[in-house]
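Down below is the structure, laid out as structure tokens.
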Amino acid sequence: MDPISAVGLASNVVQLLDFGIRLAAKAHEIYVSAEGAQVHNLELDAITQNLVTLNRRAHNRSRKVCAYATSEDEKALQDLTERCNEIGEELIKALQAAKVQGAHKHWKSVRQALKSTMGRDKIEDLYSRLKQYREQIVVVLLVITSAKQTALGENVDAVRHGIVGSESRILDETRQSRFQILDAIRRSNYNPSKHEDISTVSRLLSEMVLRGSEQKFKEEIRDSLYFPNMQDRREWISSAHKKTFNWTLEDKAGENVPWDSLKDWLCKGDGIYWLSGKAGSGKSTLMKYIDQDKRTLEYLKMWASPQSIVFTSFYFWNPGTSMQKSQLGLLQSLLHKILSRRPELIPKIFPSLSEYYSTHGKANFSWTISDLMSAFKLLVNITFEARFCFLIDGLDEFDGDHRTLIDMLVNMTGSHSIKILAASRPWLLFQDAFQNCPKLTLQDLTHDDIKIFAQDSLFNHPRFSRALVMEPQRAPKLVSDIVNKASGVFLWVYLVVRSLMDGLTNADRMDDLQRRLDQLPADLEQFFSHILTSLDSFYLKQASQLFRLALEAPKPLAVLTFSYLDESDPDFAIKGPIKAMSIEEETIRCEEIERRLNSRCKGLLESRRRRSCDEYSNTEGVVAEVVSYEVDFLHRTVRDFLRTPTVEVQLVAVDNVEFDANMTLARAYVARIKGLRHSSHSEANFQALWDIVFDMMYHVSRMGDGIFQKAQVDLLDEVDRAAAHFREAAIVKR
1 MDPISAVGLA SNVVQLLDFG IRLAAKAHEI YVSAEGAQVH NLELDAITQN
51 LVTLNRRAHN RSRKVCAYAT SEDEKALQDL TERCNEIGEE LIKALQAAKV
101 QGAHKHWKSV RQALKSTMGR DKIEDLYSRL KQYREQIVVV LLVITSAKQT
151 ALGENVDAVR HGIVGSESRI LDETRQSRFQ ILDAIRRSNY NPSKHEDIST
201 VSRLLSEMVL RGSEQKFKEE IRDSLYFPNM QDRREWISSA HKKTFNWTLE
251 DKAGENVPWD SLKDWLCKGD GIYWLSGKAG SGKSTLMKYI DQDKRTLEYL
301 KMWASPQSIV FTSFYFWNPG TSMQKSQLGL LQSLLHKILS RRPELIPKIF
351 PSLSEYYSTH GKANFSWTIS DLMSAFKLLV NITFEARFCF LIDGLDEFDG
401 DHRTLIDMLV NMTGSHSIKI LAASRPWLLF QDAFQNCPKL TLQDLTHDDI
451 KIFAQDSLFN HPRFSRALVM EPQRAPKLVS DIVNKASGVF LWVYLVVRSL
501 MDGLTNADRM DDLQRRLDQL PADLEQFFSH ILTSLDSFYL KQASQLFRLA
551 LEAPKPLAVL TFSYLDESDP DFAIKGPIKA MSIEEETIRC EEIERRLNSR
601 CKGLLESRRR RSCDEYSNTE GVVAEVVSYE VDFLHRTVRD FLRTPTVEVQ
651 LVAVDNVEFD ANMTLARAYV ARIKGLRHSS HSEANFQALW DIVFDMMYHV
701 SRMGDGIFQK AQVDLLDEVD RAAAHFREAA IVKR
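At the far end of the sequence shown sits residue 734, using full-length UniProt numbering, and the numbering has no gaps.
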């Protein structure tokens, strides 16, 4: 038996013994008390189950490690482990017997139960034996390790080297603890008779057990706070054009500039800084710019000094999942990011869960807003070594009572340990709430940024450069008119520049470009109407259906899924074979649908790369470029525009036949399931399958009644058939 294995076995047994010692000590305390204690049978079940788990773990580890025990000392360790397991069984029986006598929901008292099942003398004897066995474990460990001194020296070096390269945090800390124990044994000159040596190693073993449990608790807390698509909105936001928005993190140009210095607030301000702007003005792009610029963190370090700074962000997204637009999602996301960077804070802000976990070995991590707000309050009260800044975008995209959200943010910043940079549209309730806060109104300050964007976009087009040769004096007026007509709305500028570049592709001259600009509406919604009326009449029906499908989908669709939405045969999902789609076919489908989107929807719907790919990652990374692209509206304002009653009526009027968007979406998901490829990783494989099945079921449940009932049954039958095929393929792969 090598020393590392011996330490591992000892740690498992000590974990069982430590739990038993704590339990026996508590039992004795209750026994001699006047009243005893009320205990719920469910809690007794949990304690018993934890003890069963610890006992089984120690027993299994013993069988594995001691299977080839050769020396007398190794056999002694095996014998000692078996005796510890017997004590574990004894405790389990006592607890189970106590539970049987507690016939009602609550026991009258633990004291009465202990009297009837164990008795005071037996409790004290058990407590003494547990402590004695723990010391004996250490003695045997010292002897085994002493007998293998040479191997130990080599193993210590190997373990130290392995610690550096370990990828698992839990494994890392466990190995580090074992190394410390072995190192302590080496320094003790291997004298099992020295009481202080026994105490040192015993303490280290107990600490290792405790540290492992704490680390597992921290990992489970962090995992429970995470939710899918947490980072998606941030990744979807376009990055700022080069050389734009730099002014926001610089000193103000003059005292009369109508905004409060963001740099000053980051360096030394408190409370809430409000960044407001009308629809399409570039608020989210600016927030992402601030989020990513290294100067932001440098300024915040000045504010936090001498404490450390934790800076994190959340981007509300109304078209997204419930967690992407809710108070619960905001709190979980912020805490997940904070605790990922500062895991040592977890037991401090979740003390009750930590205590319960240490006793029961598990806990229920089902979060409520109240739970998370309590954690934030503790975070503020107990954290003296850190300060926090939260960047929160899209308050207007929050799906709930905005007054409740505002009150929560204001309460958070009541502590000087937390400040918040928030962005929203200039709704009246935000104006009232943040009127005394430092702020800036974006559309009033982007004149130069819009000029830079328009100039760079046009001047970099080769045909514009040729037009400049012929009429150089016309360019400044064209750019100036764009800036003045934009009224600070970046999205409008983007659409105008795109229209002008289309004109350049058609060999427009300067006067053509000027006329094109003059004819474009200055209002954003009128611009969208202009785009709709200019759609090719040949594609109008298809465009209408694509818009309605995107509006009906609760989240952006993978490009590959979207490629099935305009199939001409309505029964394609049923008729198609269950056959893994090749990479080449996937690529062709995705390229084709992107071209069709461009020709039918004129940029109002577009595909964009999604970097945090949670959805359908079932192909071992082979087609990551394909599955990481999704289709969504150009901007939230496009979705809002298409949802207006007048436009919705126009979209429906284009169709001469009955059209059910949910049925079409359900068919697309069924076809997607039937074309899935099977990787060797069955867990990821089935996760991909069930993710798509869940999305398909959402739309099946929303299909109309009557004529669509048979279609519902047919689609569900086909999914069942495909899932069976999927399972069989996975079994064959194994």
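Even glycine gets a Cβ: it sits at the ideal position worked out from N, Cα and C.
Near A522, which residues of its chain fall below 6 Å by C-beta distance, leaving aside the five closest residues on each side in sequence? K485
Please return the same chain residues whose Cβ sits closer than 7 Å to the Cβ of E630, not counting the five positions on each side in sequence. P556, L557, A558, V559, S607, R608 and R610
For M663 and L540, the rounded distance between their alpha carbons: 21 Å
For V100, the three-state DSSP class (helix, strand or coil): Note that V100 scores a pLDDT of 49, beneath 50, so its modelled location is shaky; the value from the coordinates is reported in the next line. Correct three-state label for V100: helix.
Beta-carbon proximity list for L300, same chain, < 7 Å, skipping 5 on both sides: L266, I309, F311 and C389
Touching or not, the segment 236-248 and the segment 340-358, by the rule of three or more beta carbon pairs under 8 Å? no
Compute the beta-carbon to beta-carbon distance between R509 and A467, rounded to the nearest angstrom, for a pair I have assumed lies under 8 Å. 6 Å
Host alpha helix (DSSP H) of R341 (start-end): Q327 to R341
Taking only the alpha-carbon atoms, compute the straight-line gap between F538 and T646 and give it to the nearest angstrom. 22 Å
Hey, L275 and L535: beta-carbon distance below 7 Å or not? no
How should K105 be labelled, buried or exposed, when 16 other C-beta atoms within 10 angstroms of its C-beta is the threshold for buried? Confidence is the limiting factor: at K105 the pLDDT is only 42, short of 50, which leaves the residue's position unreliable and the question unanswerable from this model.
Return the CA-CA distance between D481 and F453, expressed in angstroms with no decimal places. 14 Å
Any chance the segment 280-288 sits against the segment 442-451, with 3 or more Cβ pairs inside 8 Å? yes
Comparing C-alpha positions only, which one of I420, M323, M470 and L445 sits nearest to F398? M323
DSSP state of I578 mapped onto helix, strand, coil: coil
For R234, which residues from the same chain have a beta carbon less than 6 Å from its beta carbon, with the 5 sequence-adjacent residues on both sides left out? Y315
List the endpoints of the continuous alpha helix (DSSP H) containing F562. V559 to F562
I'd like to confirm something about A422: is its beta-carbon nearer than 6 Å to some heavy atom of the ligand FAD, or not? This structure lacks the ligand FAD, and indeed carries no ligand of any kind.
Can you give the beta carbon distance from A332 to L379, rounded, assuming they're within the 8 Å contact cut? Strictly speaking, residue 332 in this sequence is Gln, with Ala absent from that position. Their Cβ separation, rounded to whole angstroms, is 14 Å, which puts Q332 and L379 out of contact at 8 Å.
Closest residue to D632 among G271, P319 and S487 (Cα-Cα distance): P319
DSSP three-state assignment for C389, whether helix, strand or coil: strand
Taking the alpha helix (DSSP H) that I237 falls in, what are its first and last residues? I237 -> no alpha helix (DSSP H), and no H or E assigned at all.
Cβ separation of A550 and L495, assumed to be a contact under 8 Å, to the nearest whole Å: The Cβ separation is near 18 Å, so there is no contact.
Cut-off 8 Å between Cβ atoms - residues of its own chain near I338, not counting five sequence neighbours on either side: V310, T312, L345, L379 and F388
Tell me, to the nearest whole angstrom, how far the beta carbon of A507 is from that of R548; I am working on the premise that it is less than 8 Å. Not confirmed; about 36 Å, so no contact.
What would DSSP say about V489, mapped onto helix, strand or coil? coil
Identify which residue in N411, P228, L421 and E592 has its Cα closest to the Cα of D393. L421
Cβ neighbour criterion (16 or more within 10 Å) applied to G488: buried
Go ahead and label L428 buried or exposed: buried means 16 or more other beta carbons lie within 10 angstroms of its beta carbon, across all protein chains shown. exposed
Under DSSP, the alpha helix (DSSP H) around F453 begins and ends at which residues? H447 to F459
Give, in chain order, every unbroken run of the alpha helix (DSSP H) that is at least 4 residues long and sits entirely within the segment 255-337. 262-268, 283-292 and 294-304
Run through the DSSP bridge pairs and tell me what D632 is partnered with. E606
Whose C-beta lies closer than 6 Å to the C-beta of L500 among residues of the same chain, with five residues either side of it excluded? L513
S354 (DSSP reduced to helix, strand or coil): helix
Expected contact under 8 Å - CB spacing of L715 and S544 to nearest Å: With a Cβ gap of about 24 Å, L715 and S544 do not count as contacting.
Grab the span of the beta strand (DSSP E) containing L421 for me, first residue to last. I418 to S424
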